[in-house]
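In this note's numbering, the protein residues as written are 683 to 964.
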């Protein structure tokens, strides 16, 4: 069995890094979260692959150094440059008239460049979710229960189906399942979504919550959005928010959608993608 330890800013990042090193997919390995990480430490996971042994490291011998033979240096003959005769007054006048006539000649027009018409980018249709079935809910519940047990955290797992979505509610006295700004909770949700959707035939929407964290986080994000929008209007300059995941960015955009004094947009790339609030000048 081959085992590696992978480290990342979030458990999801550590898992992705380990899978990239092994060249495996998530369904081909066994993942164990050793440390969910926190504000001042990184997450650590152990990834196991059954039936494989680590490849031996073979040290290659250094390549032989080729000896170069210095070429014989031939003496360079010093030749004095031939003396150039100065042009006469008549020749100087003819040269000046020739240059003047060339400068007045109309410049040749460069051929027009062909403009390439790039095809318009294809619009991606929003993903359609299928209604969650009882079998899918049971599969997600069993996986999360086993995952929480491997994290050595005491927690209860309950599932429910609301508007076709699977809602997984965790109850625990420890905040380990939540992490800094819900990073561990997002990783659990990511793994659960992968488990129930890895067949690829249908796609189900799953939301994992713990001790009502999602509702509390939404309230704090709405308050943050209004506070930063007021600051942007006061100083009339852009305000940059901290990086957030796509769900949290949607909450910010939605909270400020009716404010006609500012504009919100997302910039950067994951995991550093963030929201910028701009003052709308009139």
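In this text, a Cβ means the ideal position worked out from N, Cα and C, and glycines have one as well.
Fair warning: this is a prediction, and the values are worked out from it, not measured in the lab.
Item: Under 8 Å: do the region 868-877 and the region 910-920 share three or more Cβ pairs, one atom per stretch?; Value: no
Item: Compute the Euclidean distance between the alpha carbons of residue 934 and residue 896, then round it to the nearest angstrom.; Value: 14 Å
Item: Look up residue 747 in the DSSP assignment and say whether it is helix, strand or coil.; Value: Low confidence applies to residue 747: its pLDDT is 46, below 50, so where it sits in the model is not reliable, and the reading given next is rough at best. In the structure shown, residue 747 sits in coil (DSSP, three-state: anything other than H, G, I, E or B).
Item: Comparing C-alpha positions only, which one of 703, 708, 817, 865 sits nearest to residue 925?; Value: 865
Item: Rounded to a whole number of angstroms, what is the C-alpha to C-alpha distance between residue 883 and residue 815?; Value: 14 Å
Item: Are residue 714 and residue 727 closer than 8 Å when you measure CB to CB?; Value: yes
Item: With distances taken from CA atoms, which of 931, 856, 700 is nearest residue 685?; Value: 700
Item: What span of residues does the alpha helix (DSSP H) with residue 687 cover, start to end?; Value: Unbroken run through residue 687 is the beta strand (DSSP E), 684-690; no alpha helix (DSSP H).
Item: Is it right to say residue 687 is buried, meaning 16 or more other beta carbons lie within 10 angstroms of its own, or is it exposed?; Value: exposed
Item: Mind listing, in chain order, the continuous beta strand (DSSP E) runs of no fewer than 3 residues lying wholly within the region 854-902?; Value: 888-892
Item: How would you call residue 696, buried or exposed, if buried means at least 16 neighbouring beta carbons within 10 angstroms?; Value: buried
Item: Nearest by alpha-carbon distance to residue 707: which of 847, 833, 716, 873 is it?; Value: 873
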